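Asks: Chains as they are written, first to last, in the numbering used here: chain A, 217 to 348; chain B, 3 to 76.
Where is the CB? At the ideal position from N, CA and C, for every residue including glycine.
Here the structure is a predicted model, which is why all the values come from computation and not from measurement.
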Amino acid sequence: MSDNPLRDAIEEAIRENEVILFMKGTPEQPMCGFSSRTAAALQAVGKPFAAVDVLPDPRIRQELSGLSSWPTIPQLFVKGELVGGCDIVTEMFETGELHEALGAEQPAEAPEQPAAAQPSGPQPLGVENRLG
Amino acid sequence: MPTPDELKARIENAIPGAEAVVESPDNVHFSARVRADAFAGKSRIQQHRMVYDAFDEGELGGAVHALQIKTEVP
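1) I want to know whether the region 264-281 of chain A touches the region 295-303 of chain A - three or more CB-CB distances under 8 Å.
2) Hey, how far is the Cα of A/A326 from the Cα of B/K44?
3) Output the boundary residues of the beta strand (DSSP E) element that contains B/S33.
4) First and last residue of the alpha helix (DSSP H) that includes B/K72?
5) From the DSSP output, read off the bridge partner residues of A/E297.
6) So what's A/M239 in DSSP terms, helix, strand or just coil?
7) Can you pull the chain B residues whose beta carbon is under 8 Å from the beta carbon of A/D273, in chain order?
8) Please report the straight-line C-alpha distance between A/A320 and A/K263, rounded to a whole angstrom.
9) So which of B/R37, B/Q49, B/K10 has the shortest CA-CA distance to B/V24?
Below you can see the structure in the form of structure tokens.
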């Protein structure tokens with residue numbers, strides 16, 4: 217543990233959630249167009265993801281950008297690695313790379329995934345504001 | 003207030019050989035299309051970081067409220 221509990225909490229959240237999106241607002245109620253588009257791309261892929269709203273405390277954004285060296289919000293992390301912001305995520309969504317990165321079936325190859333065949337991945341998480 | 007021309011110059015100075023097309027409807031929200039040989043062999047994250055490096059800390063999200071980036075290798 218460092219003497220920076222907020223940074224520790226952010227690092228822990230990134231470590232413990234395979235797919236985690238730091239955004240302005242929530243997936244249900246995004247507060248910025250870029251966050252909204254990024255969350256929508258993830259929702260379209262259909263894999264569960266954790267979401268953290270950075271708005272309640274400006275220090276979340278400060279610490280996050282400090283540790284990721286990425287200046288803007290949103291930021292998507294997969295398996296502990298920064299994947300990118302809105303531009304990269306939407307570009308990856310369009311090329312099918314996002315499905316690949318999240319371990320989801322490509323939509324063109326498998327338009328409908330039977331519910332019974334879903335792998336026992338992580339359950340949907342509601343991590344909103346837990347860093348506050 | 004920053005202008006698209008200023009941003010274009012900043013990006014092209016920061017990335018040698020880069021060619022940037024910068025547009026903005028309001029001089030607050032910008033979109034930049036950047037082509038550079040220097041992007042070859044780099045991940046998207048690394049390419050976008052190179053563009054971000056043209057800016058000072060706090061500038062993105064501040065004076066440049068939003069910068070949409072599309073990178074390309076010629």
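Replies: This is what the structure gives:
1) no
2) Low per-residue confidence applies at A/A326: pLDDT is 44, beneath 50, and the placement is therefore not dependable enough to give any value.
3) 31-37
4) Note, B/K72: premise wrong, no alpha helix (DSSP H); beta strand (DSSP E) at 68-74.
5) The secondary-structure analysis by DSSP pairs A/E297 across a beta bridge with A/V294.
6) strand
7) Correct list: empty, because the minimum Cβ distance to chain B is about 16 Å.
8) 7 Å
9) B/K10
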